[in-house]
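*Asks:*
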Amino acid sequence: MKTELSSTSNTNLQTYIVHVKQPVLEILGDTIDLQNWYTSFLPETIEASSDEQPRLLYSYRHVMSGFSARLTKEQVKAMEEKDGFISAMPETTLNLHTTHTPEYLGLNTHFGLWKNSNFGKGVIIGVLDTGIHPNHPSFNDEGMSSPPAKWKGRCEFGASICNNKLIGARTFNLANNFVIGKSPNDENGHGTHTASTAAGTFVKGAEALGNARGKAVGMAPLAHIAMYKVCSPNGCSSSDILAALDAAIDDGVDVLSLSLGAPSTPFFRDTIAIGAFAAIKKGIFVSCSAGNSGPSKNTLANEAPWILTVGASTIDRKIVALAKLGSGEVYTGESLFQPRNFPSKFLPLVYAGKSGIEGSEYCIQGSLEKLNVTGKVVVCERGGGISRVAKGLVVKNGGGAAMILINQKPEGFSTLAEAHVLPTTHLSYEDGLKIKAYINSSHNPKASISFKGTLLGNRATTFSPAMASFSSRGPCQASPGILKPDITGPGVNILAAWPFPLNNNTNTNTKSTFNVISGTSMSCPHLSGIAALIKSYHPNWSPAAIKSAIMTSADVRNPQGKPIMDQDLKPANFFAMGSGHVNPSKAANPGLVYDIQPDDYIPYLCHLYTDAQVSIIVRKQVTCSTVPRIREGDLNYPSFAVSLEAGSQTFNRTVTNVGDANSVYYPIVEAPAGVSVKVTPSNLKFSKLNEKVTYSVTFSRIDFVRTTSEFSEGYLIWVSKKLMVRSPISVKLT
Numbered sequence: 001m002k003t004e005l006s007s008t009s010n011t012n013l014q015t016y017i018v019h020v021k022q023p024v025l026e027i028l029g030d031t032i033d034l035q036n037w038y039t040s041f042l043p044e045t046i047e048a049s050s051d052e053q054p055r056l057l058y059s060y061r062h063v064m065s066g067f068s069a070r071l072t073k074e075q076v077k078a079m080e081e082k083d084g085f086i087s088a089m090p091e092t093t094l095n096l097h098t099t100h101t102p103e104y105l106g107l108n109t110h111f112g113l114w115k116n117s118n119f120g121k122g123v124i125i126g127v128l129d130t131g132i133h134p135n136h137p138s139f140n141d142e143g144m145s146s147p148p149a150k151w152k153g154r155c156e157f158g159a160s161i162c163n164n165k166l167i168g169a170r171t172f173n174l175a176n177n178f179v180i181g182k183s184p185n186d187e188n189g190h191g192t193h194t195a196s197t198a199a200g201t202f203v204k205g206a207e208a209l210g211n212a213r214g215k216a217v218g219m220a221p222l223a224h225i226a227m228y229k230v231c232s233p234n235g236c237s238s239s240d241i242l243a244a245l246d247a248a249i250d251d252g253v254d255v256l257s258l259s260l261g262a263p264s265t266p267f268f269r270d271t272i273a274i275g276a277f278a279a280i281k282k283g284i285f286v287s288c289s290a291g292n293s294g295p296s297k298n299t300l301a302n303e304a305p306w307i308l309t310v311g312a313s314t315i316d317r318k319i320v321a322l323a324k325l326g327s328g329e330v331y332t333g334e335s336l337f338q339p340r341n342f343p344s345k346f347l348p349l350v351y352a353g354k355s356g357i358e359g360s361e362y363c364i365q366g367s368l369e370k371l372n373v374t375g376k377v378v379v380c381e382r383g384g385g386i387s388r389v390a391k392g393l394v395v396k397n398g399g400g401a402a403m404i405l406i407n408q409k410p411e412g413f414s415t416l417a418e419a420h421v422l423p424t425t426h427l428s429y430e431d432g433l434k435i436k437a438y439i440n441s442s443h444n445p446k447a448s449i450s451f452k453g454t455l456l457g458n459r460a461t462t463f464s465p466a467m468a469s470f471s472s473r474g475p476c477q478a479s480p481g482i483l484k485p486d487i488t489g490p491g492v493n494i495l496a497a498w499p500f501p502l503n504n505n506t507n508t509n510t511k512s513t514f515n516v517i518s519g520t521s522m523s524c525p526h527l528s529g530i531a532a533l534i535k536s537y538h539p540n541w542s543p544a545a546i547k548s549a550i551m552t553s554a555d556v557r558n559p560q561g562k563p564i565m566d567q568d569l570k571p572a573n574f575f576a577m578g579s580g581h582v583n584p585s586k587a588a589n590p591g592l593v594y595d596i597q598p599d600d601y602i603p604y605l606c607h608l609y610t611d612a613q614v615s616i617i618v619r620k621q622v623t624c625s626t627v628p629r630i631r632e633g634d635l636n637y638p639s640f641a642v643s644l645e646a647g648s649q650t651f652n653r654t655v656t657n658v659g660d661a662n663s664v665y666y667p668i669v670e671a672p673a674g675v676s677v678k679v680t681p682s683n684l685k686f687s688k689l690n691e692k693v694t695y696s697v698t699f700s701r702i703d704f705v706r707t708t709s710e711f712s713e714g715y716l717i718w719v720s721k722k723l724m725v726r727s728p729i730s731v732k733l734t
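All residue numbers for the sequence shown refer to full-length UniProt numbering, where the first residue is 1 and numbers rise by one.
Structure (structure tokens):
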């Protein structure tokens, strides 16, 4: 529930999220009663020097037992003495993790998952983001059915603006009032893009600056969308996010999509983990972006095992821009902005780092003042705390004619097509080294930029899908015994709806209402939409069953039969790609699933945390001494993360038959180097649908085998006559 509040001049006030015990008797059925219960925890008096009373922002009903309020440290300390108080945590700011993909993923209008799920008809996807542009053609409701009877949400645009596609739009801004504004309209673009990726309807002739032209459509085109605006371009407040999750659960959504997150933190301090647990208790599937802090390890967001954590990979589309040097070498890069009238003649070529000013190699503001770049092609490096497009603006303002943007070593071969403000091509790290060497060895370096438009399939790349360099990497810090991320999906150069025309000061005449952007923010809604399709096709499946189906059916090789690569064109490890690249058609018929009910997480959580901390997460009083605790590896997860010293470890898993009633599965083990893997029994026999069978896996260290890596990887694959159910195995050799 929202409570409107006046502004304060008291700079000592800070927003806290306060967890309290639920009353012994469940007598607080009314929202007002609940708010009064929470208000009773607030101090009755404050310091005499202030006339401001503590101010309640949100009373949470579903996601947690507690509230958020603006308080001073002294008021929080006074509140700690009250019976029933658990904890108060200062609010945190979470960050946004900023077409052709249905065809790329094998979705077809005439057969397969799209047809079998009726394009996600009747499923409600709740999106937490920057808002939505309601009049965009991607949110047209032609052919859409009315929302399900269970839907209780509302449209703050007004009933005449929302329709059977966009059925709800709300703003949660009490913690960020002066930044977000009151309307759920999208002034940023991020939310419109992610919502249309998940469930945008068919739009013919979509393009961005004349490129990536074709039919735009989301993953679940007949699913309904409910937007919960919680973010500004500067971030998203945790108390607003909790309020939006609380409302979405009450409104009746089926899938939640969050392309935002914060660095790893214990689950009892993790806003999204707490809210997502409340969601899965109601049967709501939760998909979240893994983060854009790769390729460094230990950079994941949204690590809770009840969340689908989504990495980002490339698709088989490139929007090509070429750089030709005076020496004759030609290098292939990418750019969304491809002006037709830019001459492909040679121009003087200069490296920005020769300016001599600190940070000039990154083309930061003011760094090119000592370098004559007028009429020249300027080479800029990624990094330096300035966006790739902003670098081009610095070059343009300095009089430069074009830019060659080159990766640093961590980015490797991972390039992006973006709406630059001047003619640009984005090249790999290796190509950048060659260009810099050419500049250093030539008395008169020169280059030309030319544009080749959009290429698809093998003409574009033979390596897709490949992991994006920015996609955050594991291992999971909050729970090392859980393998994260879970899955990867399309997140590079994704065409989707945009709330305003692209012009970027480029003097083009385009009226495009689509944009091509990249991030795990883009891969997350792909998986949210796919989850909606599976939910429509299998309405009785739990969130964990849907998640298992997505993970165990994933592709680990590209269409050419080679391993999925990372940004260095080396085989990607599980901390980059998780179980692999999503395959929607296979996920609809996985054969077996690893199911987990909400209460099954409590023994796992009791292994990690105290009674009070577990109670915060699960929203009920837990006494761990009465719970049979289990190790992280004993959770019935579709993957294995093992820390193995001398000796052996055994873990149990239970699979549920969702395929043919009478079926037999046999294990195939691709053992990690230095590890022996034993599976019992030797086969899994099923005689009926939904039958459950338990198996055990024993991992043993092979002493005489030496490995060069801290982690060793392999697979356990259960194979029937028709299906393969694959689980990745990551072993830390301590």
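The C-beta atom is built at its ideal place from N, Cα and C for all residues, glycine as well.
Hey, V655 and Y594 are a contact pair by Cβ (cut 8 angstroms); roughly how many whole angstroms apart?
*Replies:* Indeed they touch by this definition, with Cβ atoms about 6 angstroms apart.
*Asks:* Using 8 angstroms as the cut-off, can you tell me whether the region 466-474 makes contact with the region 311-328, which would need three or more C-beta pairs spanning the two stretches below that distance?
*Replies:* Segments in contact, yes.
*Asks:* Quick one: is E632 buried, meaning 16 or more other Cβ sit within 10 Å of its Cβ, or exposed?
*Replies:* The residue is buried, with at least 16 neighbouring Cβ atoms inside 10 Å.
*Asks:* Which one of N558, I616, H62, N164 has the shortest CA to CA distance from F85?
*Replies:* Of the listed residues, the one whose Cα sits closest to F85 is I616.
*Asks:* Here's a check: name, in chain order, each residue in its chain whose Cβ is nearer than 7 angstroms to the Cβ of S648, leaving out the five neighbours to either side.
*Replies:* Closer than 7 angstroms at the Cβ level, and outside the excluded window around S648, lie T698, F699, S700.
*Asks:* Rounded C-beta distance between P102 and Q75? I'm assuming under 8 angstroms.
*Replies:* Not a contact, Cβ separation roughly 52 angstroms.
*Asks:* Give the DSSP bridge partners of I517, in chain order.
*Replies:* For I517, which the question treats as bridged, DSSP gives the partners I494.
*Asks:* Could you check if T513 belongs to the surroundings of the ligand ATP, using beta carbon to heavy atom distance under 7 angstroms?
*Replies:* Ligands in the displayed structure: none, and consequently the ligand ATP is not present.
*Asks:* When you compare only the Cα positions, how much space is there between Y38 and G291?
*Replies:* The alpha-carbon atoms of Y38 and G291 are separated by roughly 34 angstroms.
*Asks:* My guess is that C524 and L300 are in contact by the Cβ rule of under 8 angstroms, so how many angstroms apart are they, rounded?
*Replies:* That belief does not hold up - the Cβ atoms of C524 and L300 are roughly 13 angstroms apart, past 8 angstroms.
*Asks:* Identify whether D555 lies in helix, strand or coil by the three-state DSSP scheme.
*Replies:* D555: strand per DSSP, three-state reduction.
*Asks:* Sorted by chain position, which residues of the same chain lie with C-beta nearer than 6 angstroms to G120's C-beta, five sequence neighbours on each side aside?
*Replies:* A220, L222, A223, A532, L533, S536, listed in sequence order.
*Asks:* Closest to residue 737 by C-alpha separation, out of M89, G66, F67, would be which residue?
*Replies:* Here the chain has residues from 1 to 734 only, and residue 737 is not among them.
*Asks:* Is the region 121-136 touching the region 185-205 in the sense that three or more CB pairs, one from each, lie closer than 8 angstroms?
*Replies:* Touching, yes, given that three or more Cβ pairs across the two stretches are closer than 8 angstroms.
*Asks:* I believe A554 touches V582 by the beta-carbon criterion, under 8 angstroms. Please report the beta-carbon distance rounded to the nearest angstrom.
*Replies:* That belief holds up - the Cβ atoms of A554 and V582 are roughly 6 angstroms apart, short of 8 angstroms.
*Asks:* Just tell me which of Y695, A323, A496 has its CA closest to the CA of M403.
*Replies:* M403 has its Cα closest to that of A323, out of Y695, A323, A496.
*Asks:* What three-state label does DSSP hand P539 in the structure shown?
*Replies:* Coil, per DSSP.
*Asks:* Can you tell me which residues form a DSSP beta bridge with P571?
*Replies:* M565, per the DSSP bridge assignment.
*Asks:* Mind listing, in chain order, the continuous alpha helix (DSSP H) runs of no fewer than 4 residues lying wholly within the region 163-239?
*Replies:* Complete alpha helix (DSSP H) runs here, min 4: 177-180, 190-199.
*Asks:* Looking at the structure shown, is L405 part of a helix, part of a strand, or coil, going by DSSP?
*Replies:* In this structure, L405 counts as strand in the three-state DSSP scheme.
*Asks:* How do the region 662-677 and the region 713-728 stand: do at least 3 beta-carbon pairs fall below 8 angstroms, yes or no?
*Replies:* Flag = yes, the region 662-677 and the region 713-728 touch.
*Asks:* Can you say whether S293 is buried or exposed, counting buried as having 16 or more other CB atoms within 10 angstroms of its CB?
*Replies:* It is buried - the Cβ of S293 has at least 16 other Cβ atoms within 10 Å.
*Asks:* Per DSSP, L71 is paired with what?
*Replies:* Note: L71 sits in a beta bridge opposite Q14.
*Asks:* Give me the Cα-Cα distance between A175 and S237, rounded to the nearest whole angstrom.
*Replies:* If you take the alpha carbons of A175 and S237, they lie about 6 angstroms apart.
*Asks:* Taking only runs that begin and end inside the region 296-322, name each unbroken beta strand (DSSP E) of 3 or more residues, in chain order.
*Replies:* The qualifying runs are 308-313.
*Asks:* Name the two residues that bound the continuous beta strand (DSSP E) containing Y331.
*Replies:* Unbroken beta strand (DSSP E) run through Y331: 330-334.
*Asks:* A390 and E334: beta carbons closer than 8 angstroms?
*Replies:* It is not a contact, given that the beta carbons lie outside the stated cut-off.
*Asks:* Should V350 be labelled buried (16 or more other beta-carbon atoms within 10 Å of its own) or exposed?
*Replies:* Label assigned to V350: buried.
*Asks:* In whole angstroms, what separates the C-alpha of N164 from that of D246?
*Replies:* So the alpha carbons of these two residues sit roughly 23 angstroms apart.
*Asks:* Which residues in the same chain have their Cβ closer than 7 angstroms to the Cβ of V614, if we skip the five residues on either side of it in sequence?
*Replies:* Cβ within range, chain order: I602, L605, C606, V622, C624.
*Asks:* So what's residue 800 in DSSP terms, helix, strand or just coil?
*Replies:* Lying outside 1 to 734, the shown extent of the chain, residue 800 is not represented and no answer is given.
*Asks:* What residue does the beta strand (DSSP E) around R446 start on, and which one ends it?
*Replies:* A quick correction: the sequence has Lys, not Arg, at residue 446. From DSSP, the beta strand (DSSP E) with K446 extends over 446-456.
*Asks:* What residue does the beta strand (DSSP E) around T93 start on, and which one ends it?
*Replies:* Note, T93: beta strand (DSSP E), 93-96.
*Asks:* Give every residue of the same chain whose Cβ lies closer than 6 angstroms to the Cβ of R70, excluding the five residues on either side of it in the sequence, and list them in chain order.
*Replies:* Counting only Cβ-Cβ distances below 6 angstroms, and skipping sequence neighbours, we find L13, T15, R55.
*Asks:* Three or more beta-carbon pairs under 8 angstroms between the region 487-499 and the region 208-217, yes or no?
*Replies:* They touch, by the three-pair rule.
*Asks:* Reducing DSSP to helix, strand and coil, say where F346 ends up.
*Replies:* Correct three-state label for F346: coil.
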